[in-house]
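Peer 1: Our numbering numbers the first residue of the sequence shown as 8 and each following residue consecutively.
Note that CB positions come from ideal geometry on N, CA and C, so glycine has one too.
For reference, the structure I am asking about is given below.
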Amino acid sequence: MEKGSSSETSKKADTKKGLKKLSSMLPKVEPFLPRRDHNPRELISWAKRTGFRSTFSGETGTSLSEKGHSQSEKNDSDVFDLEKGLDKNGSSSPKIEIDPILGRTRDRGCEIEQVGEGFRKNERQGSDRLNQRSKSEVESIFSDIDEVRVAGLSRNRNGGRNGDTRGDVGNNVPLSELKNDDEDVERDVRVGDCQNGEESGDEGWKKPFTLKCGMRDNPAFVPLICYGLQHYLSLAGSLIFIPLIIVPTMGGTDKDTSYVISTMLLVSGITTILHSYFGTRLPLVQGSSFVYLAPALVIMNSEDFRNLTEHKFRYIMRELQGAIIVGSTFQSILGFSGLMSLLLRFINPLVVAPTVAAVGFAFFSYGFPQAGSCVEISIPQILLVLLFTLYPRGASISGHRIFRIYAVPLSVIITWTYAFFLTAGGAYNYKGCISNIPSSNILIDACRKHAYTMKHCRTDVSDAWHTAAWVRIPYPLQWGAPIFRLRTSIIMIIVSLIASVDSVGTYHSASIRISLRPPTPGIVSRGIGLEGFCSLLAGVWGSGTGSTTLTENVHTINITRVANRRALELGAAFLILFSFIGKVGAVLASIPLSLAAAILCFIWALTVALGLSTLQYTQTSSFRSTTIVGVSLFLGFSIPAYFQQYQPQSISVLPSYFLPYSAASDGPFHTANKQLNFAANALLSMNMVVTFLVAFILDNTVPGSQQKRGVYIWSNAEERTMDPSSLSDYSLPNKVARCFHWARCLGA
Numbered sequence: 008m009e010k011g012s013s014s015e016t017s018k019k020a021d022t023k024k025g026l027k028k029l030s031s032m033l034p035k036v037e038p039f040l041p042r043r044d045h046n047p048r049e050l051i052s053w054a055k056r057t058g059f060r061s062t063f064s065g066e067t068g069t070s071l072s073e074k075g076h077s078q079s080e081k082n083d084s085d086v087f088d089l090e091k092g093l094d095k096n097g098s099s100s101p102k103i104e105i106d107p108i109l110g111r112t113r114d115r116g117c118e119i120e121q122v123g124e125g126f127r128k129n130e131r132q133g134s135d136r137l138n139q140r141s142k143s144e145v146e147s148i149f150s151d152i153d154e155v156r157v158a159g160l161s162r163n164r165n166g167g168r169n170g171d172t173r174g175d176v177g178n179n180v181p182l183s184e185l186k187n188d189d190e191d192v193e194r195d196v197r198v199g200d201c202q203n204g205e206e207s208g209d210e211g212w213k214k215p216f217t218l219k220c221g222m223r224d225n226p227a228f229v230p231l232i233c234y235g236l237q238h239y240l241s242l243a244g245s246l247i248f249i250p251l252i253i254v255p256t257m258g259g260t261d262k263d264t265s266y267v268i269s270t271m272l273l274v275s276g277i278t279t280i281l282h283s284y285f286g287t288r289l290p291l292v293q294g295s296s297f298v299y300l301a302p303a304l305v306i307m308n309s310e311d312f313r314n315l316t317e318h319k320f321r322y323i324m325r326e327l328q329g330a331i332i333v334g335s336t337f338q339s340i341l342g343f344s345g346l347m348s349l350l351l352r353f354i355n356p357l358v359v360a361p362t363v364a365a366v367g368f369a370f371f372s373y374g375f376p377q378a379g380s381c382v383e384i385s386i387p388q389i390l391l392v393l394l395f396t397l398y399p400r401g402a403s404i405s406g407h408r409i410f411r412i413y414a415v416p417l418s419v420i421i422t423w424t425y426a427f428f429l430t431a432g433g434a435y436n437y438k439g440c441i442s443n444i445p446s447s448n449i450l451i452d453a454c455r456k457h458a459y460t461m462k463h464c465r466t467d468v469s470d471a472w473h474t475a476a477w478v479r480i481p482y483p484l485q486w487g488a489p490i491f492r493l494r495t496s497i498i499m500i501i502v503s504l505i506a507s508v509d510s511v512g513t514y515h516s517a518s519i520r521i522s523l524r525p526p527t528p529g530i531v532s533r534g535i536g537l538e539g540f541c542s543l544l545a546g547v548w549g550s551g552t553g554s555t556t557l558t559e560n561v562h563t564i565n566i567t568r569v570a571n572r573r574a575l576e577l578g579a580a581f582l583i584l585f586s587f588i589g590k591v592g593a594v595l596a597s598i599p600l601s602l603a604a605a606i607l608c609f610i611w612a613l614t615v616a617l618g619l620s621t622l623q624y625t626q627t628s629s630f631r632s633t634t635i636v637g638v639s640l641f642l643g644f645s646i647p648a649y650f651q652q653y654q655p656q657s658i659s660v661l662p663s664y665f666l667p668y669s670a671a672s673d674g675p676f677h678t679a680n681k682q683l684n685f686a687a688n689a690l691l692s693m694n695m696v697v698t699f700l701v702a703f704i705l706d707n708t709v710p711g712s713q714q715k716r717g718v719y720i721w722s723n724a725e726e727r728t729m730d731p732s733s734l735s736d737y738s739l740p741n742k743v744a745r746c747f748h749w750a751r752c753l754g755a
């Protein structure tokens, strides 16, 4: 008797000690609760507010600590070891593991579903023991334990900084809304972490993502240079290929192309550094955006410029400068005034996704038709970049995925070398024809049919290397005083709004990849305002397009796993240095146009994919979501096609791949005001504008829950009070913050 009583006493003591240890650990869940002396009931309610529900039925209102202590007074034959997850018979029970340092539940992956199965199996086998106590009490204890662990799991899985719990996405979705959604939401919570990716570098957005070099890391100088250069090399196609399209279209020479490329490098370097210090402070590269390429092509293909012969390039460039300056001024006012914070209430993933996708789709008429001008170069180029990007998924050299990181520059160098050998080997030498394609070749009957091939395939037709200076510093207003016209200003104002929508999606996606809290509306407003100022600089310097955050940054961060501000700033300094060397721009300007078009086919396709990937934040199985996306994309192509068919004069003047951008002068919109006619026809002939308008109207008028709309849950005031350091990565430098302490609308 004495031995038995002592055994019972020791077991009860062990039980009380284990439960006491558990209850002492739970109050340390600091990021979730506003105070330390919390009631576990509040933690359970927090899990419900985030939208996560227990996989078991049972009471949820009773305090875990209260039930735990009451259980210690029950029959000791059913005592559970909460740390080991086993009862005295060795059966598996729900496990909860607390980090003793951080005071948070650890991410235990797919144990949630396994716990449920183990409990149900134990329930069937131990029915005799369960008859000695209330079955509902056991289930309610496990329900509370499971809810606490699921709450911690959801925090960790939605992205914390290297395991931190700050990266929570959508943590304010009411439970009442989630009850109306499909059962797939609950199933995703249970098994979301059980699906292993094919490789660690391609995991989904909701899976753990480990950075090789974080935002505040301070690596050595040599790795810092390598990280910075690899980031810009991976974005080479987006940084330098736009001038290869717009300058020849404006009638510019190879020398003009090299100077515009140098200007673009300078502006990109300056604006990236400015954004790193005074914008959202995310490690994102600023550069010439494809959002501005379509309106630029519309303006330069207008009827007014077709008959210009002298100084055509400078005149069109000056008009583009004036339009960009007006549009960027509007964007700056939109951001710095705080109006962007109000607009963000209506900009959801269902608006961002089709709009960004339409930016890439807008150039399908230019992509392969221009690349097909020399298929022996363009097709190998496309195959190489796809091979490097998609197939050697696990291949790495010294721990670096060289083929995927440098897919664009590597494929360009290989194909360019291949084209050089074709040229040097005489593949494009024709009897009686001059190799550098002077205009006289077109007048010779024997050379007329070969002139087009020689122009697009030979690597020695560019004279940029011979005409460009070794040292040249791009300066403001280098092309002359900007020309301001109402029709082009209206176009750029609307386009700057779409560029802002594009950047909103990039900010959000990048913050998830870096495991940060999504930026608040004030921080987004600050970033948009500074982007407007950066576009103003691009207009003053004359780069031909405005400057925004490059959407391809998200793909680059995902591959390189480098998101370091210092690395980007150092790489931007190299861009500024290269912009002063005129021969660098000359080398880039000599890239064959068909090769550049082949690379842009891949980059535009990547833009489409990154845009559509934003739909993962929505309930994609919802009929509402699929209808809005489908209708907006279809009308975004069909309505511009209607406007583009009114161009009888353009068909005989322009190449076929420029016809979609010539509807501004011949469109069906007619009023007494010619400036308004031009602007309306131009805007309604652009895919991204129509797609944005349709998606914006439908998403904000069709009823739907926040879960179905995929509303961006920016960090609210309550979260900032509970965890003020969660937004510290977005904070302005101390000296700058003192000057903007009054600007609460900018998140300063």
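Does DSSP put G294 in a helix, a strand or coil?
Peer 2: The residue given as residue 294 occupies position 287 in the sequence shown. The answer is strand: DSSP assigns G294 an E or B state.
Peer 1: Alpha carbon to alpha carbon, what distance is there between S503 and G334?
Peer 2: Taking the sequence shown and counting its residues from 1, one reaches residue 334 at position 327. Taking the sequence shown and counting its residues from 1, one reaches residue 503 at position 496. Cα to Cα, G334 sits roughly 6 Å from S503.
Peer 1: By the three-class DSSP mapping on this structure, what secondary structure does S620 have?
Peer 2: Taking the first residue of the sequence shown as position 1, residue 620 is located at position 613. Here S620 sits in helix by DSSP.
Peer 1: Taking the beta strand (DSSP E) that S554 falls in, what are its first and last residues?
Peer 2: Locating residue 554 in the sequence shown gives position 547, counting from the first residue. Per DSSP, S554 belongs to the beta strand (DSSP E) from S554 to T556.
Peer 1: Answer yes or no: do L429 and L391 have a C-beta to C-beta separation smaller than 9 Å?
Peer 2: Here residue 429 refers to the residue found at position 422 of the sequence shown. Here residue 391 refers to the residue found at position 384 of the sequence shown. Contact flag unset, no.
Peer 1: I566 by DSSP, collapsed to three states: which one?
Peer 2: Start at 1 with the first residue of the sequence shown, and residue 566 comes out as number 559. It is helical.
Peer 1: When burial is assigned at 16 or more other CB atoms within 10 Å of the CB, is I441 buried or exposed?
Peer 2: Counting from one through the sequence shown, the residue named residue 441 turns up at place 434. So I441 counts as exposed.
Peer 1: Determine the DSSP secondary structure at V478, reduced to helix, strand or coil.
Peer 2: The residue labelled residue 478 in the question sits at position 471 within the sequence shown. Residue state, collapsed to three classes: strand.
Peer 1: For the alpha helix (DSSP H) that contains T279, what are its first and last residues?
Peer 2: The count along the sequence shown starts at 1 and reaches residue 279 at position 272. From DSSP, the alpha helix (DSSP H) with T279 extends over D261 to F285.
Peer 1: Using CA atoms only, rank isn't needed, just tell me which of A227, Y437 and F375 is closest to A453.
Peer 2: Your numbering for residue 453 matches position 446 in the sequence shown. Nearest of A227, Y437 and F375 to A453, Cα basis: Y437.
Peer 1: Leaving aside the five residues before and after P740 along the sequence, list all residues of the same chain whose C-beta is less than 6 Å from its C-beta, in chain order.
Peer 2: If you number the sequence shown from 1, residue 740 lands on position 733. Excluding sequence neighbours, P740 sits near nothing in its chain.
Peer 1: Rounded to a whole number of angstroms, what is the C-alpha to C-alpha distance between C746 and R223?
Peer 2: For the purposes of this step, residue 746 is taken as the residue at position 739 of the sequence shown. For the purposes of this step, residue 223 is taken as the residue at position 216 of the sequence shown. Spanning the two alpha carbons is a distance of roughly 23 Å.
Peer 1: How big is the Cα-Cα spacing for S663 and A670?
Peer 2: Here residue 663 refers to the residue found at position 656 of the sequence shown. Here residue 670 refers to the residue found at position 663 of the sequence shown. C-alpha separation (whole angstroms): 13 Å.
Peer 1: Given a threshold of 16 other Cβ atoms within 10 Å of its Cβ, counted over all protein chains shown, does N688 qualify as buried or as exposed?
Peer 2: One-based indexing of the sequence shown puts residue 688 at position 681. Buried: at least 16 other Cβ atoms inside 10 Å.
Peer 1: Where A545 and S241 are concerned, what is the direct C-alpha to C-alpha distance, given to the nearest angstrom?
Peer 2: Taking the first residue of the sequence shown as position 1, residue 545 is located at position 538. Taking the first residue of the sequence shown as position 1, residue 241 is located at position 234. Their Cα atoms are separated by approximately 22 Å.
Peer 1: Assign I588 to one of three DSSP states: helix, strand, or coil.
Peer 2: On the sequence shown, residue 588 is found 581 positions in, with the first residue counted as 1. In this structure, I588 counts as strand in the three-state DSSP scheme.
Peer 1: What residues in its chain sit with their C-beta under 6 Å from that of Y239, if we drop five residues either side in the sequence?
Peer 2: Here the question's residue 239 lines up with position 232 in the sequence shown. Here the set comprises G578.
Peer 1: Beta-carbon within less than 7 Å of A580's beta-carbon, same chain only, minus the 5 sequence neighbours each way: which residues are those?
Peer 2: Along the sequence shown, read from residue 1 onward, the residue named residue 580 stands at position 573. Taken in chain order, the residues that qualify are G276.
Peer 1: So, using beta-carbon positions, are L246 and Y514 closer together than 9 Å?
Peer 2: Counted from its first residue, the sequence shown places residue 246 at position 239. Counted from its first residue, the sequence shown places residue 514 at position 507. Result no, Cβ atoms of L246 and Y514 do not sit closer than 9 Å.
Peer 1: Pair every Cβ in the segment 457 to 476 with every Cβ in the segment 493 to 511, then say whether three or more of these pairs are closer than 8 Å.
Peer 2: Cβ pair count under 8 Å is below three, so no.
Peer 1: Rank H562, S507 and R352 by C-alpha distance to the C-alpha of I412 and give the top, closest one.
Peer 2: On the sequence shown, residue 412 is found 405 positions in, with the first residue counted as 1. For I412, the nearest C-alpha among the options comes from H562.
Peer 1: Within 10 Å of its beta-carbon, does V229 have 16 or more other beta-carbons around it, so buried, or fewer, so exposed?
Peer 2: Along the sequence shown, one-based indexing puts residue 229 at 222. V229 should be labelled exposed.
Peer 1: Rounded to the nearest angstrom, what separates I490 and S265 at their Cα positions?
Peer 2: Taking the sequence shown and counting its residues from 1, one reaches residue 490 at position 483. Taking the sequence shown and counting its residues from 1, one reaches residue 265 at position 258. If you take the alpha carbons of I490 and S265, they lie about 23 Å apart.
Peer 1: When the distance is taken between beta carbons, is F297 closer than 9 Å to F375?
Peer 2: Counting from one through the sequence shown, the residue named residue 375 turns up at place 368. Counting from one through the sequence shown, the residue named residue 297 turns up at place 290. Not a contact, by the Cβ cut-off of 9 Å.
Peer 1: In terms of DSSP beta bridges, what is C220 paired with?
Peer 2: Position 213 of the sequence shown holds residue 220. DSSP, once it has assigned bridges, lists V569 as partnering C220.
Peer 1: Confirm, please, whether the CB-CB distance from A365 to L557 is below 9 Å.
Peer 2: Residue numbering aside, residue 557 sits at position 550 when the sequence shown is read from its first letter. Residue numbering aside, residue 365 sits at position 358 when the sequence shown is read from its first letter. Taking 9 Å as the Cβ cut-off, L557 and A365 do not qualify as a contacting pair.
Peer 1: Please classify L484 as buried or exposed, where buried requires at least 16 neighbouring CB atoms within 10 angstroms.
Peer 2: Locating residue 484 in the sequence shown gives position 477, counting from the first residue. Exposed, since its Cβ has fewer than 16 Cβ neighbours within 10 Å.
Peer 1: Let's test the definition: count the other Cβ atoms within 10 Å of the Cβ of R455 and tell me whether it reaches 16, buried, or not, exposed.
Peer 2: Stepping through the sequence shown from its first residue, residue 455 is reached at position 448. Classification for R455: exposed.
Peer 1: Anyone know if the C-beta pair for I268 and L543 falls short of 9 Å?
Peer 2: Position 261 of the sequence shown holds residue 268. Position 536 of the sequence shown holds residue 543. The answer is no: Cβ separation not under 9 Å.
Peer 1: Below 8 Å on the Cβ atoms is my guess for Q682 versus L493; work out the distance and round it to an integer in Å.
Peer 2: Counting from 1 along the sequence shown, the entry for residue 682 is found at position 675. Counting from 1 along the sequence shown, the entry for residue 493 is found at position 486. With a Cβ gap of about 5 Å, Q682 and L493 count as contacting.
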